[in-house]
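Same order as they appear, the protein sequences are chains A and B.
First residue of the first sequence: 465, per the numbering used here; consecutive thereafter.
First residue of the second sequence: 465, per the numbering used here; consecutive thereafter.
Following: one structure in structure tokens, then a few remarks.
There are 2 protein chains.
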Amino acid sequence: MTDMSTDVNVMINSSINDSIDSSVNDENDTEKLLKPRNNFASYSNENINVRFRQNVSSQSVVETLSSNLRRLNVEEIPPGATNFLSTNYESLDYDPCENHLLQDEERKKGYKFVVKKNFARWFIFLLIGICTALIAGFVDISIEELTSLKYSCLKFYVDQCVTKHCLWLPYLLWLALNFAPVLIGAILVAYVEPVAAGSGIPQVKCYLNGVKIPRVVRIKTLAVKTIGVICTVIGGLAGGKEGPMIHSGAVVAAGISQGKSTTFKKDFKIFQYFREDHEKRDFVSGGAASGVSAAFGAPIGGVLFSIEEGTSFFNQSLTWRTFFASMITTFTLNIILSAYHGRLGDLSYPGLLNLGKFETIPYQIYEIPLFVIMGTIGGLLGACWNHLNYKITCFRLKYIKRKWLKVIEALVIAALSATIGFTMIYFLHDCKPLGQDPTKFPIQMYCNEGEYSAVAALWFQTPESSVRSLFHDPKGSHNDITLAIFVVLYFFLAVATFGLSMSSGLFIPSLLIGSAWGRLIGSGLAKLFPNCVVLNPGKYALLGAAAQLGGVVRMTISLTAILIEATQGISFGLPLIIVLIMAKWVGDFFNEGIYDIHTQMTGIPILPWEAPPLSNNIYASEIMSHPIVTLNTVENVGHIVELLKCVTFNGFPVVDPPNSDEPEIHSYGRFRGLILRSQLIVLLQNKIFNKNPEYWEKSLSIKLFRKEYPRYPTIDQVTISEEEKTYMIDLRPFMNPSPYTLQHSATLPRAFRLFRALGLRHLPVVNDTNEVIGIITRKDVARFRIWKHRGRMGLDELLITNKI
Amino acid sequence: MTDMSTDVNVMINSSINDSIDSSVNDENDTEKLLKPRNNFASYSNENINVRFRQNVSSQSVVETLSSNLRRLNVEEIPPGATNFLSTNYESLDYDPCENHLLQDEERKKGYKFVVKKNFARWFIFLLIGICTALIAGFVDISIEELTSLKYSCLKFYVDQCVTKHCLWLPYLLWLALNFAPVLIGAILVAYVEPVAAGSGIPQVKCYLNGVKIPRVVRIKTLAVKTIGVICTVIGGLAGGKEGPMIHSGAVVAAGISQGKSTTFKKDFKIFQYFREDHEKRDFVSGGAASGVSAAFGAPIGGVLFSIEEGTSFFNQSLTWRTFFASMITTFTLNIILSAYHGRLGDLSYPGLLNLGKFETIPYQIYEIPLFVIMGTIGGLLGACWNHLNYKITCFRLKYIKRKWLKVIEALVIAALSATIGFTMIYFLHDCKPLGQDPTKFPIQMYCNEGEYSAVAALWFQTPESSVRSLFHDPKGSHNDITLAIFVVLYFFLAVATFGLSMSSGLFIPSLLIGSAWGRLIGSGLAKLFPNCVVLNPGKYALLGAAAQLGGVVRMTISLTAILIEATQGISFGLPLIIVLIMAKWVGDFFNEGIYDIHTQMTGIPILPWEAPPLSNNIYASEIMSHPIVTLNTVENVGHIVELLKCVTFNGFPVVDPPNSDEPEIHSYGRFRGLILRSQLIVLLQNKIFNKNPEYWEKSLSIKLFRKEYPRYPTIDQVTISEEEKTYMIDLRPFMNPSPYTLQHSATLPRAFRLFRALGLRHLPVVNDTNEVIGIITRKDVARFRIWKHRGRMGLDELLITNKI
């Protein structure tokens, strides 16, 4: 019956493979060191006949499986490779398990429970909003106070020493004041919680995409992140506090919604019904939005961020709650900061990033080409920045592996920052009259009486204040040569800083670089057309900032909303959009956004938005993982224990055992459902065996499973006596009785859509008669990736490796 | 094997059914006239044994099926019922059919085709942006010119007649000037294209949700809509031009992307590769966003609208293109309108709805409770508005069925509008000094020299200008009593107008009502606290407008973005958000948004965001449609023809015929794929039978199917000779070989998620051995709906009927 169609498939299939392979061969791309496709093809044609039964000794099980796994592992991946996926990352499970326990709970609790849950959700989102704002307020006020202290102290010594010729003193002081916080921050990150390094945005993105990044939403991470980011900014590094704020919001959300903390070993026994990946993800998405909202005072931008970066399946009520949390955050933070600045009633501090308000910015139609050019420059510079950062990260992966080396590296960059700043202040004579001073700590240096050094003004404040100065200072406040030198130096400083073992974001440095070159262009234009009123350098500083940031991160609509909200310049929306579109287009021609680059370098199996094109000739039977391990509907306890000990799989199809008199070597038996490793462990831990009927009756509830979420014990922590190993266990009430499955003849895009839209973790593949023949996991889908290189395209198949 | 688990299922299942039924009985809700659940239950337990084979005569086929269908049809649904789904609406098919023809095309065209398609997409979005802006510009300029003419003429006669005591003359003239355009608009809508009635937002929403509303995206509809909306505004009805703009954008998008027009019988043979539901939907989503962008000058709001109302599966690159189109629209429209107003360089007219720019609006923390109260009032008034409109619509469904009656009705409302306006002007003496006049046509009426009638000012301009006046007029421009009377009268006028046989939106009327009562509250507060500077009536007018609109339409985040963008008042975001959240919460307590109410009254099977809660006890086997009709993989042509003639189904599972020696009454044979009615018709039309191998070889391509999209011929238009009827046809290269399927034991939420996230049309249900036992369609999923009534909840099962 199927002969004809199968033949056609195979024919089409092999011919396309050929054409792709030849196109790959044409391309002398150095990154295509490895051709896993052939390797894989030979693997998938292998005759599969691994089946675990009680009579298979555990030793042989281990050997069979590990030999199979080894074929997919490649020990040596060059540092900086982007063509691999790491097996160290597991998937989150967004597909609810509709087993009998869940139905039981629903039946018992009824609609009142639905209403209660709904209220609890709103309440949690309220708490998320408030707590995120509190953390943001703490970070902001600490930074404000400590930097004031630092720069007032420096100013004092500089002012003293200029006349006394002891400028080495403030320089050393500057070094010391940079070293101390950077040392604390770097040690915290390197030794206590490495996942707190960087901005945290890629990690949150991956989490929302469905990848479990270990420890990413733990309270310890939050603590390190919060202190670390304060250290970064005080340490004078070219890093911002905005990205980390987003990560903090996500952690807060994950913490509050679960009603317990592993770090503090405290279970409040509340919100237990939210203890599953699916619910937690929703809260984290709200937390990330709150974080954006706190960082930029941009509630709409926050919601758009969580939609753009996070949600695969958009849900109106979730978005609505997210919006609510964002708003609460902005509002609370506004109250805190307004009170701190002594203007409580005004509510004029909606976010951490205060870029100052732009009054109406007029622009004329003939400026549109200028906007396009600004965007193009931003795209080019952004692509260049990303490439340099990529190279530096490769270097780091190769040489800076030890923890103490990472700390040293951070200190070196801190020293470099101070040195560059000091050298610029020392050598550049850029004096402006006092009075219209844009800085809190004007320094005279070698300027005349009543003047101050404009260079020192750029360095003797937080980068954020510098951005504000560049946006809003009146025409002529900044010397062109100063700005030009500053752009170049700060560009390299920022490239070197991102990726250090410090908590730091790149929004502010990018904005600062961009606003500096933007202002440079603006002031050049103003000199070319001195009579033109609309050519305001501040406006071009804003456009440059947008272009640079857009060129680096390549976010689109959310970034537009964030910038519009942060500058309150809605009438300026169109120019911003033009600039951001151009920056993205130009940048995407050369490489990917910086977050994506870093995600790829760690091999995180993140799923893109769409399946690769022209992949309809790749079938589920080709991409699925096999051999797999299946369980019978009623299974021997000892067998389960052995199995969990020797394989690392997380999902096991439950099958009716195949009929012994009709051997089918390609199938594992009729598919009945899917059970997870975590569920099996809870069953074993609580001794829910068929021989224990009284236990079964009394206390068997879905709560047992929630109690352990999300960190289940390992199989070695569960003690099962020898007698218990002879018991049987009926898996049917606990397994997911009807997970989504896919026919072996389905295509890769079909599997991809299912994974992406529904947030799956396991997708069993069945044959024509509904017998399991394999299982598709996130990595099997994510490994197919389209590569584009200067207009050419092809299909790439990533390597799967156990290297981080 | 399955016995135990099935027993458990049945037990749980029946017990929950009981509890739900009893809770429904408790509720003496008049709307629960019908209990389809019992009816349905008896139906689904029926013994199913309908199988179509060649030897079944077509007569008996018709009888069997129609007798089954009739059981689901209820002839008499009371007008205004909301508990039914109409069978008149089909689903769109967003799931691509990955058959051999598609693979063939991919193989032939390669990656160049992918790049070309991508460029074409961007180009189409550019065109959509420009064309939507052109239409918006045409509508706006026509309305501007014609209303100027109308009111200047009226002003002339009023000014003349006040002294000469001939005020009946301008009154009659007003009537006539209202009648003429309303007559044209009503006749166009009633006789030419009824789907152009109303705002079109619900229709676009349904289209994006996946329901095929007949003729909704046709060029004829666009023409009627455009002229109709001009007539509405000129006719002085309480309707706006914003909603129709969104619909227009959607039609433009659908038209351009298909490269052909059925109305003009012209096929440009371009963009043929976009001729499928999935691609078309993406363009329509962009068009709707462009429409919002044109209507409100709100590109971000537009994108949010298309996300909030449209997309189920969010896609970053689609959103990015949508954003591009929105921006192009705003920009083009800005150029057009700026040029029209003679200020080309300024670019200060981003959208049709020009609410005037708010300078910074200060607010104090103690005003927050006031914002909450404003939102609550908006929610209450909105719910009240919706309820009244619902009642009026019921009345219309019952009594105003004839086309001429609809025209008369529109004329009556037009007369009423003029009469109310004239009466108010005549009786209310609200005189303000000239000079600070907010209106283009000030009328003196009985006021003193140098004064004008503030009442006439409200009526003698478009509603949009009135909103602007209420937002921006200085304190004391409006008399409280005038406003109070105006609110009441306009409230009822707007209620009566929405749902007329005219193209008209409800944004502007709602904003006008809201701004009037908002200003009333603001002016009251200003009188209570005369020394308080921040209590600006214009600010409260804006909040009132937001509250009223939010209370009526219940949109959330997109509405916030739209209002912020339209008023350029970003610093005022927080108060707007508070007001909109309150309005939605309060309103949702009483009833649904007006669009949802109208959607329900027409029985459109729209899918909500989430499956009803506590429905995990409802299984796929309960909700699926059966009996169904299946086809064999190689099928007789005559049989297919007979089948298509006598059943209305659109999707047919293709099966291996069941083994004759093991009769299985509950299955239709092993599932092999799914073929659509439209595909079968194209196959028959092109005589692609197994006997025609030369045809098969030469010209068989996916283009054949695209040529006919979207309006395929009916089976009666295809002529098949008697000899041809004996031929066989191999369906395997054409069918979808691996559509998503569901196990019979899967739950309703699982089916729902699949439908919602992937935009399915048919979902075959299979048993444990992958044999088809039924099919789930959109209506089967949409019929389960949660009802909430003052805090109580329950599960409702809608009736399916053939009534519109």
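Glycine residues also receive a C-beta, built at the ideal position from the N, C-alpha and C atoms.
- Report the three-state DSSP secondary structure of Tyr459(A) (helix, strand or coil). Here chain A covers residues 465 to 1268 and nothing more, so residue 459(A) does not appear.
- Given a limit of 8 Å on CB to CB distance, which residues of the region 754 to 774 of chain A reach chain B? Residues passing the 8 Å Cβ filter: Pro763, Ile764, Val767, Leu768, Ile771 and Glu772.
- Query: Closer than 8 Å, Cβ to any Cβ of chain A: which residues of the region 1062 to 1081 of chain B, in chain order?
  - Reply: Listed by position, the residues of the region 1062 to 1081 of chain B near chain A (Cβ gap below 8 Å) are Trp1073, Glu1074, Pro1077, Leu1078, Asn1080 and Asn1081.
- Spell out whether any CB of chain A is found under 8 Å from the CB atom of Pro1201(B). Yes, Pro1201(B) lies at the interface with chain A (some Cβ there is under 8 Å from its Cβ).
- Message: Is the separation between the beta-carbon of Pro1203(B) and that of Asp559(B) shorter than 8 Å?
- Response: For Pro1203(B) and Asp559(B), yes; Cβs fall inside 8 Å.
- Message: Considering only the alpha carbon of each residue, which of Leu1147(B), Ile1041(B) and Ser1165(B) lies closest to Thr1178(B)?
- Response: When each option's Cα is compared against that of Thr1178(B), the closest is Leu1147(B).
- Secondary structure at Asp937(A), three-state DSSP: helix, strand or coil? Asp937(A) sits in coil when the DSSP states are folded into three classes, being neither helix nor strand.
- Message: Could you check whether the region 791 to 805 of chain A touches the region 597 to 604 of chain A, counting it as contact only if at least three pairs of C-beta atoms, one from each stretch, sit closer than 8 Å?
- Response: In this structure the region 791 to 805 of chain A touches the region 597 to 604 of chain A; the number of beta carbon pairs closer than 8 Å is three or more.
- Would you kindly work out how many angstroms separate the C-alpha atoms of Gln780(A) and Phe1216(A), rounded to a whole number? Roughly 23 Å separates the two Cα atoms.
- Inter-stretch contact (C-beta, 8 Å, three-pair minimum) for the region 981 to 1001 of chain B and the region 903 to 912 of chain B: As far as the Cβ criterion goes, the region 981 to 1001 of chain B does not touch the region 903 to 912 of chain B, which means the pair count is below three.
- Beta-carbon gap between Gly713(A) and Ala650(A) smaller than 8 Å: Result no, Cβ atoms of Gly713(A) and Ala650(A) do not sit closer than 8 Å.
- Item | Exposure label - Gln1143(B); buried when at least 16 CB within 10 Å | So Gln1143(B) ends up on the buried side.
- Roughly how many angstroms lie between the CA atoms of Val1119(A) and Asn1234(B), to the nearest whole one? Their backbone Cα atoms lie some 14 Å apart in a straight line.
- Within this structure, are the beta carbons of Ala1335(A) and Gly842(A) separated by less than 8 Å? The structure shown does not extend to residue 1335(A), since chain A is modelled only from 465 through 1268, so no value can be given for it.
- Query: Is DSSP giving Cys895(A) helix, strand or coil here?
  - Reply: Looking at Cys895(A) - three-state DSSP - the assignment turns out to be strand.
- Is Val1098(B) closer than 8 Å to Met1192(B) when the C-beta atoms are compared? Going by C-beta atoms, Met1192(B) is nearer than 8 Å to Val1098(B).
- Item | 4 or more residues per run - each alpha helix (DSSP H) lying fully within the region 978 to 1013 of chain B | Taken in chain order, the whole alpha helix (DSSP H) runs of length 4 or more contained in the region 978 to 1013 of chain B number zero.
- Query: Considering only C-alpha positions, which residue in the set Met888(A), Leu898(A), Leu1259(A) and Asn943(A) is nearest to Tyr954(A)?
  - Reply: Looking at the Cα atoms, Met888(A) is the closest of the given residues.
- Item | Option nearest Lys1171(B) by Cα separation, candidates Gln722(B), Phe643(B) and Ala789(B) | Comparing Cα-Cα distances from Lys1171(B) to each of Gln722(B), Phe643(B) and Ala789(B), the minimum goes to Gln722(B).
- Query: Considering Trp781(A), what are the terminal residues of the beta strand (DSSP E) in which it resides?
  - Reply: What sits at residue 781(A) in the sequence shown is Ser, not Trp. Segment Gln780 to Tyr804 is the alpha helix (DSSP H) holding Ser781(A); no beta strand (DSSP E) there.
- Item | Straight-line gap, Ile1058(A) to Gly820(B) (C-alpha atoms, nearest Å) | C-alpha separation (whole angstroms): 40 Å.
- Query: Would the beta-carbon of Met1065(B) fall within 8 Å of that of Gly662(B)?
  - Reply: No, Cβ-Cβ distance for Met1065(B) and Gly662(B) is not below 8 Å.
- Item | Assigned secondary structure, Val681(B) (DSSP; H/G/I helix, E/B strand, else coil) | In the structure shown, Val681(B) sits in coil (DSSP, three-state: anything other than H, G, I, E or B).
- So what does DSSP say about Pro708(A), is it helix, strand or coil? For Pro708(A), the three-state secondary structure derived from DSSP is helix.
- Message: Quick check on the DSSP output: what are the complete alpha helix (DSSP H) runs of length 4 or more inside the region 742 to 781 of chain A, in order along the chain?
- Response: Taking 4 residues as the shortest admissible run, the region 742 to 781 of chain A contains the following complete alpha helix (DSSP H) segments, listed from N- to C-terminal end: 763 to 769.
- Query: Quick one: what's got a C-beta closer than 6 Å to Ile972(B)'s C-beta in the same chain, skipping five residues either side?
  - Reply: Hits under 6 Å: Gly704, Pro927 and Glu928.
- Query: For Met1257(A) and chain B, any beta-carbon pair shorter than 8 Å?
  - Reply: Yes, Met1257(A) counts as interfacial toward chain B.
- Rounded C-alpha distance that separates Phe1248(B) from Val578(A): Straight-line Cα distance between these residues: approximately 17 Å.
- Query: In angstroms, rounded to a whole number, what distance separates the CA positions of Val1050(A) and Leu844(A)?
  - Reply: Computed Cα separation, rounded: 7 Å.
- Query: Beta-carbon of Asn1234(A) versus every beta-carbon of chain B: anything under 8 Å?
  - Reply: Asn1234(A) counts as touching chain B.
- Query: Comparing the C-beta of Arg745(B) with each C-beta of chain A, is any distance below 8 Å?
  - Reply: Arg745(B) does not count as touching chain A.
- Message: Is the beta carbon of Ala660(B) closer than 8 Å to that of Gly707(B)?
- Response: Between Gly707(B) and Ala660(B), the gap from beta carbon to beta carbon reaches 8 Å or more.
- Query: To the nearest angstrom, how far is it from the Cα of Phe760(B) to the Cα of Thr794(B)?
  - Reply: C-alpha separation (whole angstroms): 9 Å.
- Query: What residues in the region 1196 to 1227 of chain A have a beta carbon less than 9 Å from any beta carbon of chain B?
  - Reply: Those residues of the region 1196 to 1227 of chain A that come within reach of chain B (Cβ to Cβ, closer than 9 Å) are Arg1196, Pro1197, Pro1201, Ser1202, Pro1203, Tyr1204, Thr1205, Leu1206, Gln1207, His1208, Ser1209, Ala1210, Thr1211, Pro1213, Arg1214, Arg1217, Leu1218, Arg1220, Ala1221 and Leu1222.
- Message: Contact criterion: CB-CB distance below 8 Å. Does Leu566(B) meet it with respect to chain A?
- Response: Interface residue, yes.
- Task: Just grab the DSSP bridge partners of Asn1200(B) for me.
- Result: In the DSSP output, where bridge partners are listed per residue, Asn1200(B) has Leu1138(B).
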